[in-house]
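Shown next, in structure tokens, is the structure this report addresses.
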Amino acid sequence: MYENFEAQLNNESQLMLYINQLLLDLGNTDSFIRDENAYPKLMNLILKHQLEDEYLIEITERLIQNLFVGIGNKDDDTIFLRSFSLLVLVGIIKRDEALNFLTESLSNYLFKSFFDYFIKEIDIRGYVNEKGWAHSIAHAADLATVLIESRFYEYDYAQFFLFGLKRNLFKLNGDMPYIDDEEERLVFIVDALLNKGLGINELIIWLNDMNDDLLDLKPEGLIYYRTKKNIEGFLKCLYFRVHRFERYDMLSEHIEFILRENFEIDYK
86 MYENFEAQLN NESQLMLYIN QLLLDLGNTD SFIRDENAYP KLMNLILKHQ
136 LEDEYLIEIT ERLIQNLFVG IGNKDDDTIF LRSFSLLVLV GIIKRDEALN
186 FLTESLSNYL FKSFFDYFIK EIDIRGYVNE KGWAHSIAHA ADLATVLIES
236 RFYEYDYAQF FLFGLKRNLF KLNGDMPYID DEEERLVFIV DALLNKGLGI
286 NELIIWLNDM NDDLLDLKPE GLIYYRTKKN IEGFLKCLYF RVHRFERYDM
336 LSEHIEFILR ENFEIDYK
């Protein structure tokens, strides 16, 4: 089917069947089918071809539904469908910047669904042997970032993004912290929120709350130390992201204080 890509595009009666197959193959455990065929071809359709709004809307609705297929399961193959649907939704938001095809009701549904997904996802594996990248939290961070940058973002949404962000920093893969740069990708959420007007004081309060929640885990022993690794990596990435800018001096100084006091790291 993939060999006849252009022919499928020119046959309107076959187009939706073709799109449906691509959507299914986002969850294929064969990384060649998923990563090298289904995902790039869907992105090509969305970003470079003049699909009618009805097709784009139907694709969006299907992708949102995919986020909850197998949600709550751990270490099973449904993670690939959820994770790669997140990535294609990034393309949907980018295409909407040019075409404005998303309705207010559909965008509200997307935001609400994402907030729900971001909390409920518990399969946070990065690379899966013999099957390739799952990387759900990194992909979720990518989608969160473009949602914040989108025309539908509202200031009140910041609290939901920050709540989900903190929850994900406290997630472990079994008893292991993130190992595939998920913390670095999560920092881009904060960067986007700051660019959309999140106040420095609000962010500092959030950082303090997160630090307090971490200290509450101390009696848990191993869980505390592994979660601490997640948050340490996140704070380091955030520090180097903001400390270059004078307007963030107060923020970078506060991050440095937390790292020095609770993580024994000093950048002086």
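So the sequence shown is numbered by this note's numbering: it starts at 86 and just counts up by one. The beta carbon of each residue, even a glycine, is placed where N, CA and C say it ideally should be.
Would you tell me roughly how many angstroms separate the C-alpha atoms of residue i and residue j, rounded to the nearest one?
i: F245; j: F200; result: 7 Å
i: L271; j: L250; result: 7 Å
i: K265; j: E215; result: Reading off the sequence shown, one finds Asp at residue 265, where the question assumed Lys. Their Cα atoms are separated by approximately 17 Å.
i: Y324; j: L136; result: 42 Å
i: D241; j: I290; result: 16 Å
i: Y238; j: E287; result: 18 Å
i: Y124; j: L111; result: 6 Å
i: Y309; j: C322; result: 20 Å
i: G259; j: N296; result: 22 Å
i: E97; j: F196; result: 31 Å
i: Q99; j: N105; result: 10 Å
i: N315; j: R252; result: 11 Å
i: L174; j: L232; result: 10 Å
i: E349; j: R236; result: 41 Å
i: G284; j: T114; result: 42 Å
i: K211; j: H339; result: Reading the sequence as shown, one finds Gly at residue 211 and not Lys. Approximately 30 Å between the Cα atoms of the pair.
i: L108; j: L127; result: 8 Å
i: M335; j: I149; result: 38 Å
i: N185; j: S192; result: 11 Å
i: H134; j: R332; result: 41 Å
i: Y103; j: A243; result: 37 Å
i: Y140; j: N129; result: 14 Å
i: L278; j: A219; result: 26 Å
i: I118; j: G157; result: 25 Å
i: N122; j: G217; result: 14 Å
Mind checking which residues open and close the alpha helix (DSSP H) that includes residue i?
i: G249; result: A243 to L254
i: M101; result: E97 to D110
i: F348; result: D334 to F348
i: Y124; result: Y124 to K133
i: F330; result: Unbroken run through F330: none, as it is neither H nor E.
i: T230; result: S221 to E234
i: R180; result: T163 to L184
i: D201; result: E189 to K205
i: D138; result: D138 to N151
What residues in its chain sit with their C-beta under 7 Å from that of residue i, if we drop five residues either side in the sequence?
i: H224; result: S168, L171 and L172
i: V154; result: T163, L166 and R167
i: L132; result: G176, K179 and R180
i: R326; result: V272 and D276
i: N347; result: N296
i: L302; result: I308, Y309 and T312
i: E189; result: none
Tell me which same chain residues have a C-beta within less than 8 Å of the C-beta of residue i, skipping the five on either side of it?
i: G318; result: P262, Y263, E268 and E269
i: D161; result: G155 and D208
Which same chain residues end up closer than 6 Å to residue i when comparing Cβ atoms and leaving out the 5 residues on each side of it in sequence?
i: I207; result: K159
i: L344; result: L320 and I350
Taking one C-beta from the segment 126–146 and one from the segment 202–210 each time, how about it: are there three or more such pairs within less than 8 Å? Contact fails: fewer than three Cβ-Cβ distances are below 8 Å.
Please determine if the segment 265–281 and the segment 218–236 are in contact, where contact requires at least 3 C-beta pairs separated by less than 8 Å. Yes, the segment 265–281 is in contact with the segment 218–236.
Suppose only complete runs of 4+ residues qualify. What are the alpha helix (DSSP H) ranges in the segment 254–326, listed by chain order? Every alpha helix (DSSP H) stretch that sits fully inside the segment 254–326 and reaches 4 residues is listed by chain position as 267–280 and 285–301.
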